[in-house]
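Enquirer:
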Amino acid sequence: EAGVAQSPRYKIIEKRQSVAFWCNPISGHATLYWYQQILGQGPKLLIQFQNNGVVDDSQLPKDRFSAERLKGVDSTLKIQPAKLEDSAVYLCASSRKTSGLASQETQYFGPGTRLLVL
Amino acid sequence: AQKVTQAQTEISVVEKEDVTLDCVYETRDTTYYLFWYKQPPSGELVFLIRRNSFDEQNEISGRYSWNFQKSTSSFNFTITASQVVDSAVYFCALSEGDGGFQKLVFGTGTRLLVSP
Chain A
-12 EAGVAQSPRY KIIEKRQSVA FWCNPISGHA TLYWYQQILG QGPKLLIQFQ
38 NNGVVDDSQL PKDRFSAERL KGVDSTLKIQ PAKLEDSAVY LCASSRKTSG
88 LASQETQYFG PGTRLLVL
Chain B
207 AQKVTQAQTE ISVVEKEDVT LDCVYETRDT TYYLFWYKQP PSGELVFLIR
257 RNSFDEQNEI SGRYSWNFQK STSSFNFTIT ASQVVDSAVY FCALSEGDGG
307 FQKLVFGTGT RLLVSP
């Protein structure tokens, strides 16, 4: 079974430019997550989708970040315009929706996209 | 609010030593799940274990073992006879269900360096 795919793996941009990241989750996984991981910290959730609907975007800086999952499969995260403090690794994860408690779902992560904003 | 504390920022050991990574959590929920993930230099978080709040049995998987104690809100991870390939950052995470979807909160991680 193929894992979570992300591209690009690395991106360097100037501040105020825009950038987009792509994620393809594990086949059959209804829930998709985007995390931001700043150097030396644990991942922080930005947004969570169930199928093509947003269930939690409370920590997404909506003035500059946007995300979509139009067909309920792959997803795109965009930053526009980028700031220096957006330099981080952006991780995508997916989980299979179970009939039980949502808290028991295991998230599987992709390799991440390392973003450097100059 | 849920919180995970990994007080050990970095641990250095020599190959074949045993090492324990500490994890302390805070939650108001009675039903929750705890996870450990490994992040090697390649960057991908690799799932290691999931444990629910009602199961306090210790678990062993090869050289890895986990000790869950609700009385002290801890979920510690021990690697026996460490190897160089164990060098990575290890994250403990706490999951709660909130409104039908998962909230997963990570600790700040412990970097483990195993030297030959």
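These protein sequence lines are chains A and B, in that order. Residue numbers are given in the numbering used here: position 84 of the first sequence equals residue 71, and the series is strictly consecutive. Count along the second sequence from 1, then add 206; that gives the number in the numbering used here. No residue lacks a Cβ here, since even glycine has one placed at the ideal position from N, Cα and C.
#1: Excluding sequence positions up to five away, which residues of its chain have a Cβ less than 6 Å from the Cβ of B/C251?
#2: According to the neighbour-count rule (16 or more other Cβ atoms, all chains shown, within 10 Å of its Cβ), is A/I34 buried or exposed?
#3: Under the DSSP definition of a beta bridge, which residues are partnered with B/R257?
#4: Relative to the C-alpha of A/K103, which candidate in A/S45, A/S82 and A/A69 has its C-alpha closest?
#5: What does A/V42 reach in chain B if we use C-beta pairs closer than 7 Å?
#6: Quick one: does A/S90 have its CB under 8 Å from some CB of chain B?
#7: Suppose the cutoff is 6 Å on Cβ atoms and the five residues either side in sequence are ignored; what does the same chain contact list for B/K309 look like?
#8: What is the DSSP secondary structure of A/V60, reduced to helix, strand or coil?
#9: Of all Cβ atoms in chain B, is any one closer than 8 Å to the Cβ of A/G99?
#10: Relative to the C-alpha of A/R56, which residue among A/F8, A/E1, A/R3 and A/R(-4) is closest?
#11: Examine the Cβ distances between the region 10 to 17 of chain A and the region 74 to 85 of chain A and report whether three or more of them are shorter than 8 Å.
#12: Within the same chain, show all residues whose beta-carbon is closer than 7 Å to that of B/S279, passing over the 5 residues directly before and after it, in chain order.
#13: Quick one: grab the DSSP three-state call for A/D43.
#14: I need the straight-line Cα distance from B/T284 to B/T316, nearest angstrom please.
#15: Go ahead and label A/P30 buried or exposed: buried means 16 or more other beta carbons lie within 10 angstroms of its beta carbon, across all protein chains shown.
Expert: Looking at the coordinates:
#1: The identity of residue 251 of chain B in the sequence shown is Leu, whereas the question assumes Cys. Hits under 6 Å: Y243 and Q245.
#2: By the 16-neighbour rule on beta-carbons within 10 angstroms, A/I34 is buried.
#3: B/L240
#4: In the sequence as presented, Lys is not what sits at residue 103 of chain A; that position holds Leu. Measuring from the Cα of A/L103, the nearest candidate turns out to be A/A69.
#5: The answer, in chain order, is F307.
#6: yes
#7: Contacts found: E302.
#8: coil
#9: yes
#10: A/F8
#11: yes
#12: V230, Y231 and E232
#13: strand
#14: Note on geometry: alpha-carbon atoms of B/T284 and B/T316 lie some 12 Å from one another.
#15: buried
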